[in-house]
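Here's the structure, in structure tokens; my notes come after.
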Amino acid sequence: MLRRSLAPALIAVAIAGSLQCASLVKTIFNPPQVGVDRVEFRNVALTGTDLVVHIKIHNPNSVGATLNHIEYALDVDGDRLLNGKKEDKTEIKSNDTSIIALPVTINYTGLKSGIAGALSKKTLPYGFKGKVILDTPVGAMNFDINEAGEIPVPDRPRFDIEKIALAEFGVTSATLMIHIKVSNNHDFELDIRKFRYEFSLQDNLISAANINVDRSVAHDKSMSIALPVTLKVLGVKRSVIDMIKSGKIKYAMKFDLDIQTRFGPMTIPYERDGLTSLY
Numbered sequence: 001m002l003r004r005s006l007a008p009a010l011i012a013v014a015i016a017g018s019l020q021c022a023s024l025v026k027t028i029f030n031p032p033q034v035g036v037d038r039v040e041f042r043n044v045a046l047t048g049t050d051l052v053v054h055i056k057i058h059n060p061n062s063v064g065a066t067l068n069h070i071e072y073a074l075d076v077d078g079d080r081l082l083n084g085k086k087e088d089k090t091e092i093k094s095n096d097t098s099i100i101a102l103p104v105t106i107n108y109t110g111l112k113s114g115i116a117g118a119l120s121k122k123t124l125p126y127g128f129k130g131k132v133i134l135d136t137p138v139g140a141m142n143f144d145i146n147e148a149g150e151i152p153v154p155d156r157p158r159f160d161i162e163k164i165a166l167a168e169f170g171v172t173s174a175t176l177m178i179h180i181k182v183s184n185n186h187d188f189e190l191d192i193r194k195f196r197y198e199f200s201l202q203d204n205l206i207s208a209a210n211i212n213v214d215r216s217v218a219h220d221k222s223m224s225i226a227l228p229v230t231l232k233v234l235g236v237k238r239s240v241i242d243m244i245k246s247g248k249i250k251y252a253m254k255f256d257l258d259i260q261t262r263f264g265p266m267t268i269p270y271e272r273d274g275l276t277s278l279y
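See the structure below:
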């Protein structure tokens with residue numbers, strides 16, 4: 001009879017002891033400090049950008065924790081462009097600060113204003129919201145993080161065809177010299193790596209190639225490029241040859257200009273067409 005009366009009392013003591021231990025652990029384990037350390041921009045281009053959100057987790061406790069996952073959302077210019085989840089579990093050491101890199105890629109085609117709208121601005125405002133979930137000795141802990149700032153939008157360098165001249169006209173071939181001018185309207189030095197082009201006459205593709213440049217253009221300065229284009233007389237329509245002989249041509253040219261800026265590498269597309277005199 002005594003044993004039966006002692007059983008509930010022992011259970012009550014065990015529960016109380018367990019609750020006291022849990023309370024003691026919670027008292028001993030202080031919540032880590034979680035926030036955004038910095039945002040790093042990489043590969044800023046006309047169509048979007050890559051950025052890395054560096055999340056800082058400071059664990060002041062003598063025992064470690066584990067980063068379970070990160071949920072996040074990114075708004076650019078008021079439009080939600082990204083929702084994501086990073087599920088790589090990472091050890092958060094005791095009495096230490098950990099920096100977790102969260103890379104994300106933004107595509108401006110998701111903006112209501114599109115890429116054209118993005119390029120009409122110098123910067124685009126962004127807002128980053130996230131939730132960091134940590135596994136700790138006292139259970140899962142959630143931390144909300146927020147960061148806001150501006151994404152730089154690079155200016156287009158000015159790209160002009162100054163003139164197209166007839167350099168040579170022979171029995172089997174003709175050579176046109178295309179004079180191109182690249183002007184740096186940035187406030188920093190512009191490194192031009194290469195460009196790709198397609199040149200057409202009367203809607204007939206005459207030449208296409210990749211041209212390495214590897215030259216730098218200072219702020220408010222320009223660079224001239226003389227581009228020779230040779231066509232075989234027997235390889236094009238008679239109307240194209242007659243047009244060249246007349247001295248007035250209808251041309252179209254497409255460019256993909258590869259440049260390096262302080263914001264990262266960029267590829268800029270251009271298209272030019274029109275009528276011009278060769279003499």
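Position 29, counted from 1, in the sequence shown is what the UniProt record's numbering calls 29; the numbers after and before it change by one each time, with no gaps.
All C-beta atoms in this analysis are idealised placements derived from N, C-alpha and C, irrespective of residue type, glycine included.
Note that the coordinates shown come from a computational prediction; the quantities given were computed from them, not determined experimentally.
From which residue to which residue does the beta strand (DSSP E) around residue i run?
i, result
"residue 135", "123-136"
"residue 156", "Premise fails: residue 156 is in no beta strand (DSSP E) and is neither H nor E."
"residue 68", "65-76"
"residue 62", "That residue, residue 62, is in no beta strand (DSSP E); it is neither H nor E in DSSP."
"residue 186", "Here residue 186 belongs to no beta strand (DSSP E), and DSSP marks it neither H nor E."
"residue 213", "204-217"
"residue 190", "190-201"
What's the C-alpha gap between residue i and residue j?
i, j, result
"residue 202", "residue 260", "34 Å"
"residue 239", "residue 112", "45 Å"
"residue 156", "residue 268", "7 Å"
"residue 223", "residue 194", "13 Å"
"residue 85", "residue 142", "14 Å"
"residue 98", "residue 58", "6 Å"
"residue 166", "residue 50", "44 Å"
"residue 29", "residue 44", "42 Å"
"residue 274", "residue 78", "39 Å"
"residue 101", "residue 235", "56 Å"
"residue 62", "residue 82", "36 Å"
"residue 158", "residue 126", "28 Å"
"residue 255", "residue 198", "7 Å"
"residue 181", "residue 123", "27 Å"
Which one or two residues does DSSP pair with residue i in a beta bridge?
i, result
"residue 36", "55"
"residue 81", "For residue 81, which the question treats as bridged, DSSP gives no partner whatsoever."
"residue 272", "253"
"residue 147", "128"
"residue 87", "Residue 87 pairs with nothing; no bridge assigned."
Taking only three categories from DSSP, how would you classify residue i?
i, result
"residue 242", "helix"
"residue 247", "coil"
"residue 109", "helix"
"residue 140", "strand"
"residue 25", "Interpretation of residue 25 is limited by its pLDDT of 46, a score under 50 that renders its predicted location unreliable; the figure taken from the coordinates is listed afterwards. Looking at residue 25 - three-state DSSP - the assignment turns out to be helix."
"residue 45", "coil"
"residue 231", "strand"
"residue 117", "helix"
"residue 94", "coil"
"residue 176", "strand"
"residue 104", "strand"
"residue 220", "coil"
"residue 163", "strand"
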